[in-house]
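As structure tokens, the structure follows; a few thoughts come after it.
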Amino acid sequence: MSFGRILTAMVTPMNEELEVNYQEAVRLAHYLVDHGSDGVVVCGTTGESPTVTDQEKLKLFKVVKESLGSKATVIAGIGSNSTNSSISLARQASTTGVDGVMAVVPYYNKPSQEGMFQHFKAIAEATPLPLMLYNVPGRTSANLLPDTVKRLSEIPNIVSLKEAAGSLDQVSELKRLLPAGFEVYSGDDSMTLPMLALGCSGIVSVAAHIIGNEMKAMVDAWFDGDTALATKWHLELYPIFKGIFVTSNPVPIKALMNMIGIKAGGVRLPLAEATAEEIKFLKDLLKSIKPSKANNTTQGRLSELKVASEKPSYPIV
0 MSFGRILTAM VTPMNEELEV NYQEAVRLAH YLVDHGSDGV VVCGTTGESP TVTDQEKLKL
60 FKVVKESLGS KATVIAGIGS NSTNSSISLA RQASTTGVDG VMAVVPYYNK PSQEGMFQHF
120 KAIAEATPLP LMLYNVPGRT SANLLPDTVK RLSEIPNIVS LKEAAGSLDQ VSELKRLLPA
180 GFEVYSGDDS MTLPMLALGC SGIVSVAAHI IGNEMKAMVD AWFDGDTALA TKWHLELYPI
240 FKGIFVTSNP VPIKALMNMI GIKAGGVRLP LAEATAEEIK FLKDLLKSIK PSKANNTTQG
300 RLSELKVASE KPSYPIV
């Protein structure tokens, strides 16, 4: 199966008391799908998975999927550095209606390649859902190597990899070793086009929160064979790809969503809110997004999102 070409790693909206705002999460999910995303990842790192409880995660999985229905895929972030905890959450997530689950390489433990293989194998065996692996050594201090991914790809319901090691050599080796049906997604917005050129399937994006239509235009241009247009989009969007990480993710993207009328709220400790200097940078970054006519993209980002913020709420099913 394919989860789609553009998946957004969705922030988890919070209210003023830093409680999960489920209504706004549903509205955000619809907004993202209406603006270029084929699906959403709920409670990944961008969704503050380390500080959102399992009970909160399960409710988010359920309400987002029930509201989106067949409109888009929903992937549940269930991974942690405890195999038993990941198995438990995967089993419970399987009852919420989500389309798949995603599990990150265990962080802090620094497992061996065999440890990672056994970890993901145990999770896959605990759920009937398709499983996306997530490799992000910059956060986990452990790199899931291509030979291990190849072994894991032989497990029927391990179907894809979100790859964020930042190495095109590693991506090349992955694509050389893996079967054709196994999908590799970029885990870094700025690596999307280079990874598409190596035969990857798409992006699990943070930037699509604010430039989803533009991301879709870039990816569609690539798959339509217009590599010059895809490159033009990449170069135009590159400052945004980098700028949204001016401080630890998801602090900047939540600040940006608040600016455009989506009530993302604040972040839970140990993350801290953006500084005044960072907020100014992000406001300038938002103003720098140019209007575009491609694929019904915005004719003025701020005015469009002001209208979006006035739309009626989507019901929680």
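Counting from 1, position 158 in the sequence shown corresponds to residue 157 in numbering that gives the first Met the number 0; the numbering is continuous, with no gaps.
For each residue, glycine too, the CB sits at the ideal point set by N, CA and C.
The structure displayed is predicted, hence computed values, not measured ones.
Subject >> Between the CA atoms of THR95 and GLY189 - distance to the nearest angstrom >> reply: Before going further, note that residue 189 is Ser rather than Gly in the sequence given. The C-alpha of THR95 is placed about 32 Å away from the C-alpha of SER189.
Original post:
So what does DSSP say about ASN295, is it helix, strand or coil?
Top reply: Unreliable placement is indicated for ASN295, whose pLDDT of 45 sits below 50; the coordinate value is still reported in the next sentence. Residue state, collapsed to three classes: helix.
Original post:
Between HIS233, ILE239, ALA207, which lies nearest to THR7 when the distance is taken from Cα to Cα?
Top reply: Nearest of HIS233, ILE239, ALA207 to THR7, Cα basis: ALA207.
Original post:
To the nearest angstrom, how far is it from the Cα of PHE60 to the Cα of GLN91?
Top reply: C-alpha separation (whole angstroms): 10 Å.
Original post:
How many whole angstroms separate the CB atoms of THR44 and ASN248, which I take to be in contact at a CB cut-off of 8 Å?
Top reply: 7 Å between Cβ atoms; contact.
Original post:
Using 8 Å as the Cβ pair cut-off and three pairs as the minimum, do the region 147 to 161 and the region 113 to 128 touch?
Top reply: As far as the Cβ criterion goes, the region 147 to 161 touches the region 113 to 128, which means the pair count is three or higher.
Original post:
So, GLY76 versus VAL104, is the Cβ gap smaller than 9 Å?
Top reply: It is not a contact, given that the beta carbons lie outside the stated cut-off.
**OP:** Consult DSSP for LEU270 and reduce its assignment to one of helix, strand or coil.
**Re:** DSSP places LEU270 in coil when its eight states are reduced to three.
**OP:** Return yes when the Cβ of LEU281 is within less than 9 Å of the Cβ of ALA254, no when it is not.
**Re:** Result yes, Cβ atoms of ALA254 and LEU281 sit closer than 9 Å.
Subject >> Cβ distance (whole Å) where GLN257 is taken to contact GLY35 below 8 Å >> reply: Checking the sequence, you will find Asn at residue 257 rather than Gln. The C-beta distance from ASN257 to GLY35 rounds to 20 Å, too long to meet the 8 Å contact threshold.
Subject >> Pairwise C-alpha distance: ASN14 and ALA263 >> reply: Cα atoms of ALA263 and ASN14: separation of roughly 8 Å, rounded to the nearest angstrom.
**OP:** Find out if the Cβ-Cβ distance for the pair ALA28, VAL73 is shorter than 9 Å.
**Re:** Yes, the Cβ-Cβ distance between ALA28 and VAL73 is below 9 Å.
**OP:** Just mark ASP187 as buried or exposed, buried being the case when its beta carbon has 16 or more other beta carbons within 10 Å.
**Re:** A residue is called buried when at least 16 other Cβ atoms come within 10 angstroms of its Cβ; ASP187 meets this threshold and is buried.
**OP:** Find out if the Cβ-Cβ distance for the pair GLY68, PHE2 is shorter than 9 Å.
**Re:** In this structure, PHE2 does not lie closer than 9 Å to GLY68 by Cβ.
Original post:
So what does LYS161 bridge to, in DSSP terms?
Top reply: LYS161 pairs with TYR133, TYR184.
Subject >> Burial state of ASN134 (16 or more Cβ within 10 Å) >> reply: With at least 16 other beta carbons inside 10 angstroms of its own, ASN134 counts as buried.
Original post:
Where are the beta strand (DSSP E) runs, 3 residues long or more, that stay fully inside the region 87 to 155, in chain order?
Top reply: Within the region 87 to 155, the complete beta strand (DSSP E) runs of at least 3 residues fall at 99 to 103, 130 to 134.
Subject >> Rounded Cβ spacing between TRP330 and LEU192 (contact assumed at less than 8 Å) >> reply: Any property of residue 330 remains undetermined from this structure, which presents the chain solely from 0 to 316.
Original post:
In whole angstroms, what separates the C-alpha of THR230 from that of TYR30?
Top reply: Each residue's CA atom was taken as its position, placing THR230 and TYR30 some 26 Å apart.
Original post:
Excluding the five sequence neighbours on either side, which residues of its own chain have a C-beta within less than 8 Å of the C-beta of ALA383, listed in chain order?
Top reply: Past the edges of the chain, shown from 0 to 316, lies residue 383, and the structure says nothing about it.
**OP:** Please go through the same chain and pick out, in chain order, the residues whose beta-carbon is closer than 7 Å to the beta-carbon of SER48, but skip the five residues on each side of it.
**Re:** The answer, listed in chain order, is CYS42, GLY76.
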